[in-house]
Amino acid sequence: MKIGFIGLGNMGGPMAANLAEAGHDVTGFDMADVTIEGVTLANSGADAAKGADVVITMLPNGQILRAVAKEIIPAMSEGSVFLDCSTVDVESARAVADDAKAAVLMALDAPVSGGVGGATSGTLTFMVGGDQNGFNIAKELFDIMGQKAVHCGPSGNGQAAKICNNMILGATMIVTCEAFALADKLGLDRQAMFDVVSTSSGYSWTMNAYCPAPGVGPQSPADNGYQPGFAADLMLKDLRLAQQAAAAADADTPIGQAATALYEQFVEQEGGTGQDFSAMLPRFEKRGRT
Ligand code: NAD
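Note that the sequence shown ends on residue 290 in my numbering; no numbers are left out.
Written out as structure tokens, the structure reads:
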């Protein structure tokens, strides 16, 4: 396929490289000066999009996505697929999809889970909203860039799935960390705590697969000085998107709201920026009840 790829950063770069390596004809564009193996660079987003069967965007936020979409939609061929893989607010995803449909394009919002490691190794999970025919066309590309793609319904539903998942993830990480800090104060050994919880009803992905306590459970960022992994800043971004969506939909999400406030405090006031989101554990270790 002829693919346009806009936004060749930490995630988009390796995703585009994997598509090129699989034999697709990839033309990319990024505002920053980048070089991606196998990818031809264009001078603008519109140039990268021109004549492509599928245009992929992997951008920082909804505002930038809306601006890029305005530029590239008029350049795209009728019947081609606009595939946005960025994590953005549900409203922007739906607005961009409406503009794409008005230009007779097939629109998909397909945020990912799996991080830079997953982007590099081609093992991302895609949560996809939008046109079923577009999904069928893009499936071949999802299979190269990832290991699973789930069609979640109409436009915006990929973003909805992503922020609901990450609201669970953020809240679960916090409670896992506070439970470890409580166990410490009660004199309960961390390994014993892990052995019990990981095989009891308190188990979770954060405990079993990404344990925030160093030296306990499988290898995780905790064993590497809390280098991300998944940065606390990105968790805060996703929790804020979840709260934005909850406010717009009048959904009551008290734990999601509390998790957002805690990550906000951690990132903006307590030096959590640049650390893995599991560094909540050393944060709790240092604190008392007030
Ligand atoms: P990044 O900042 O490394 O990459 C974004 C790229 O977009 C940059 O290279 C930037 O120069 C480029 N860009 C910005 N404005 C542009 C424009 N107008 N035209 C062309 N290029 C432009 O970010 P990333 O880590 O690659 O994340 C991309 C998206 O993926 C975000 O929405 C993020 O939330 C999501 N995501 C990231 C991770 C992760 O672990 N990094 C995991 C899952 C999802």
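All C-beta atoms in this analysis are idealised placements derived from N, C-alpha and C, irrespective of residue type, glycine included.
Remember, predicted model here, so these are calculated numbers, not experimental data.
Between residue 241 and residue 89, the C-beta gap is smaller than 7 angstroms, which places the two residues in contact. Contact annotation, residue 17 with residue 37: C-beta distance approximately 5 angstroms; criterion of less than 8 angstroms satisfied.
Annotation: the continuous alpha helix (DSSP H) that includes residue 193 extends over 190-197. Taking a cut-off of 8 angstroms on C-beta distances, the segment 226-246 touches the segment 162-175, as three or more cross pairs fall below it. At a cut-off of 6 angstroms, the beta-carbon of residue 165 does not count as near the ligand NAD: no heavy atom of the ligand is closer than that.
In this structure, the C-beta of residue 64 approaches the ligand NAD to less than 6 angstroms from one of its heavy atoms.
Beta-bridge partners assigned by DSSP to residue 276: 231. In the structure shown, residue 13 falls within a helical segment according to DSSP collapsed to helix, strand and coil. Within the DSSP bridge table, the entry for residue 25 names 2 as partners.
Proximity of the beta carbon of residue 6 to the ligand NAD is indicated: a heavy atom of the ligand is located closer than 6 angstroms. Taking the Cα positions, residue 176 is about 34 angstroms away from residue 108. Comparing alpha-carbon positions, the option among 156, 155, 153 and 122 lying closest to residue 140 turns out to be 122. Within the DSSP bridge table, the entry for residue 106 names 81 as partners. Bounds of any beta strand (DSSP E) do not take in residue 219, whose DSSP letter is neither H nor E. Listed in chain order, the non-local C-beta contacts of residue 75 below 6 angstroms within the same chain comprise 46, 49 and 50, local neighbours out to five positions each way being set aside.
The beta carbon of residue 26 sits closer than 6 angstroms to the beta carbons of 3, 5, 16, 19, 20 and 39 from its chain, once the five residues preceding and following it are set aside; these are given in chain order. Bounds of the beta strand (DSSP E) holding residue 150 are 146-153. Proximity of the beta carbon of residue 117 to the ligand NAD is not indicated: no heavy atom of the ligand is located closer than 6 angstroms.
Out of 202, 32 and 181, the CA that lies nearest to the CA of residue 214 is found in 181. Between the segment 81-99 and the segment 148-163, the count of Cβ pairs shorter than 8 angstroms is three or higher; the stretches touch. The beta-bridge partner set that DSSP reports for residue 126 consists of 112 and 149.
Contact between residue 54 and residue 137 holds, with the beta-carbon distance rounding to 7 angstroms and staying under 8 angstroms.
Residue 14 and residue 113 have their C-alpha atoms roughly 14 angstroms apart. Relative to the ligand NAD, residue 251 has its C-beta separated by 6 angstroms or more from all heavy atoms. One Cα belongs to residue 193, the other to residue 147, and the distance between them is close to 32 angstroms.
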